[in-house]
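The sequence shown begins at 113 in my numbering and counts up by one.
Backbone N, C-alpha and C fix where the C-beta goes; we use that ideal spot for every residue, glycine too.
Structure, as structure tokens:
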Amino acid sequence: MQSIVSINGKFYQPQDAKISVFDHGLLYGDGVFEGIRSYGGQIFRLKEHVRRLFDSARAIWLDIAISQEAMCDSIHAALVKSQIQDAYLRVMVTRGCGTLGLDADMCRDSQIIIIVDTIALYPDELYETGLKIVTVVVPRNHPAALNPRIKSMNYLNNILAKIEGKQAGCLEALMLNHKGEVAECTGDNIFIVRQGVLRTPPTSAGILEGVTRGAVMELAEDSGMPVRETALTLFDVYSADECFLTGTAAEVIAVVEVDGRMIGTGKPGPVTLDLKKKFHALARGGLIKT
Ligand code: PXG
Numbered sequence: 113m114q115s116i117v118s119i120n121g122k123f124y125q126p127q128d129a130k131i132s133v134f135d136h137g138l139l140y141g142d143g144v145f146e147g148i149r150s151y152g153g154q155i156f157r158l159k160e161h162v163r164r165l166f167d168s169a170r171a172i173w174l175d176i177a178i179s180q181e182a183m184c185d186s187i188h189a190a191l192v193k194s195q196i197q198d199a200y201l202r203v204m205v206t207r208g209c210g211t212l213g214l215d216a217d218m219c220r221d222s223q224i225i226i227i228v229d230t231i232a233l234y235p236d237e238l239y240e241t242g243l244k245i246v247t248v249v250v251p252r253n254h255p256a257a258l259n260p261r262i263k264s265m266n267y268l269n270n271i272l273a274k275i276e277g278k279q280a281g282c283l284e285a286l287m288l289n290h291k292g293e294v295a296e297c298t299g300d301n302i303f304i305v306r307q308g309v310l311r312t313p314p315t316s317a318g319i320l321e322g323v324t325r326g327a328v329m330e331l332a333e334d335s336g337m338p339v340r341e342t343a344l345t346l347f348d349v350y351s352a353d354e355c356f357l358t359g360t361a362a363e364v365i366a367v368v369e370v371d372g373r374m375i376g377t378g379k380p381g382p383v384t385l386d387l388k389k390k391f392h393a394l395a396r397g398g399l400i401k402t
């Protein structure tokens, strides 16, 4: 069991995995990526992640040299090579080596990089007690400028928000969109529960269409809970019965305080705990769908 890196299908030890400083991925953040998890050696929703990677690439005029099927095979091969059971797979496709200057047409040899490692986004105890988050000043990227549905290698918007959040003493930060509506956190989607209804912002709010978000919405619907994708304001969040975040790295984590306001009872709520349990069962392949 060891972390391993694949570059264009060739395996390297982490310390030997190298990319040119002229790659536009480094020079301009010009590329796309995915973060994927495996549980017990099984990759969770691999096809969905790869589809999103290719959709992101299409949106930025980036041709990926291999098919979606071949990408799935490469990711799977890298996981097998690492022998890590519960892995975090970081897949990147860069624009490749080019000349200085923005011209993407000067770039050749787009690089396909797969890092197989592990990840712990938040300390374990926060999964029991819940997160405190704060709304930050920096807005989520305007969808007309750089659509957050594109999972691009330029994450400065989110990094600035995360720094702002940490300066306020929080490990996660809530971002609003250009209209002042709730968008998402720096690396997770947000949900609220109010009077038995699960609500989350729609993709038109300018968010990443999270794979975990989709899985949790399905689990809620399967258990008969109404699920609504609707614009949310901070008032909706402050007055929610429960709030939680979803993401591949974060999985499902309760939020118990937002901008100094206690959410619900100030403890992870029953719907959050139930969906968290169901998500873990689904990810580990143990859930029999009814
Ligand atoms: N919103 C944003 C902005 C994200 O980056 C999610 C939501 C959750 O989406 P999924 O499909 O994972 O349910 C993400 C997830 C990393 C890393 O370094 C990636 C994310 C978050 C944190 C770290 O690979 N992306």
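Checklist entry - Cβ of V323 versus every heavy atom of the ligand PXG: is any distance shorter than 7 Å? => result Numbered from its first residue, the sequence shown carries residue 323 at position 211. Under cutoff, so the answer is yes.
Item to check | Bounding residues of the alpha helix (DSSP H) (the contiguous stretch that carries S168) | outcome: By one-based count along the sequence shown, residue 168 stands at place 56. Segment 158-171, the alpha helix (DSSP H) holding S168.
Checklist entry - Within the present structure, is the beta-carbon of N270 separated from the nearest heavy atom of the ligand PXG by less than 7 Å? => result Along the sequence shown, read from residue 1 onward, the residue named residue 270 stands at position 158. Indeed, a heavy atom of the ligand PXG lies less than 7 Å from the Cβ.
Item to check | Top-ranked residue by Cα proximity to R306, from M218, R164, L158, G381 | outcome: As a working mapping, residue 306 is identified with position 194 in the sequence shown. The closest CA to that of R306, considering only M218, R164, L158, G381, is found on G381.
Checklist entry - Is the distance from the Cβ of V250 to the Cβ of L272 below 8 Å? => result The residue you call residue 250 lines up with position 138 of the sequence shown. The residue you call residue 272 lines up with position 160 of the sequence shown. A contact, by the Cβ cut-off of 8 Å.
Checklist entry - Which stretch, first to last residue, makes up the alpha helix (DSSP H) that contains Y234? => result On the sequence shown, residue 234 is found 122 positions in, with the first residue counted as 1. No alpha helix (DSSP H) holds Y234; DSSP gives it neither H nor E.
Item to check | Beta-carbon separation (whole angstroms), I116 vs V228, contact threshold 8 Å | outcome: Numbered from 1 along the sequence shown, position 4 holds the residue referred to as residue 116. Numbered from 1 along the sequence shown, position 116 holds the residue referred to as residue 228. A Cβ-Cβ distance of about 5 Å is found for the pair I116 and V228, placing them in contact under the 8 Å criterion.
Checklist entry - Just curious, the alpha helix (DSSP H) that E276 is in, first and last residue? => result Sequence index remark: in the sequence shown, residue 276 carries index 164 (1-based). E276 -> alpha helix (DSSP H) spans 268-279.
Checklist entry - Tell me the DSSP bridge mates of S150? => result By one-based count along the sequence shown, residue 150 stands at place 38. Bridge partners of S150 according to DSSP: I155.
Next on the checklist: With H, G and I counted as helix, E and B as strand and the rest as coil, what does DSSP make of L174?
Outcome noted: The residue you call residue 174 lines up with position 62 of the sequence shown. Residue state, collapsed to three classes: coil.
Item to check | Cβ-heavy atom distance, L320 to the ligand PXG, below 7 Å | outcome: In the sequence shown, the residue the question calls residue 320 occupies position 208. True, at least one ligand heavy atom lies under 7 Å from that Cβ.
Checklist entry - Would V368 be called buried (16 or more neighbouring beta carbons within 10 Å of its own) or exposed? => result Position 256 of the sequence shown, counted from the start, is the residue given in the question as residue 368. Using a 10 angstroms sphere on the CB of V368, the tally of other CB atoms reaches 16 or more, which defines it as buried.
Checklist entry - Assuming S168 and K278 make a contact with CB atoms under 8 Å, what is their CB distance in whole Å? => result The sequence position of residue 168 within the sequence shown is 56, counting from 1. The sequence position of residue 278 within the sequence shown is 166, counting from 1. With a contact defined as Cβ atoms closer than 8 Å, S168 and K278 miss out at about 27 Å.
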